[in-house]
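Some notes on the structure that comes next.
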Amino acid sequence: MIGKLIYERQLHEVRFAEFFIAQLFEDRTKDVDLQHMKSFDPLIFKNLKALQTTSERELDELQLDFRVVTSDVGLVRTVNLKPNGSNQRVTVDNVHEYIRLYVNYYLKQRVSQFWNFFFGKR
């Protein structure tokens, strides 16, 4: 869209999500934080924020581990957020690590092909 606007010499107000701006102008090797998730998916942001204050008993009932399930073009797959993630439960002691890895997976790893294309790395 931006390329088309430039090509046609058009001015248009374009609003980018906060996580996109952060990746575009900040060091892309740094972790993104939970606040960036708010502009990507407000519902995921709200749920991850709630996890920060969830009790040990509630976390145990959720049976979370260090994996995410994704669906790309109908293909469902499970991705470990860290080595052996399927065997590591999320607890009060590691919930912040889980949130950090989850956010970085969605806002950095899943879009890494886009960034590589955008910045000319293939």
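Quick note: the sequence shown uses full-length UniProt numbering, first residue 1, plus one each step. In this text, a Cβ means the ideal position worked out from N, Cα and C, and glycines have one as well. Values in this document were obtained by computation on a predicted structure and should not be read as measured data.
- Of all C-beta pairs linking the stretch 52-65 to the stretch 91-111, three or more are shorter than 8 Å, placing the two stretches in contact.
- Sorting I6, L11, E13 and L51 by C-alpha distance to the C-alpha of Y102 places L51 at the top.
- With a cutoff of 8 Å on beta-carbon distance, L107 and H36 are scored as near each other.
- When DSSP states are grouped into helix, strand and coil, N47 belongs to the helix group.
- At a Cβ-Cβ threshold of 8 Å, L48 and I99 count as neighbours.
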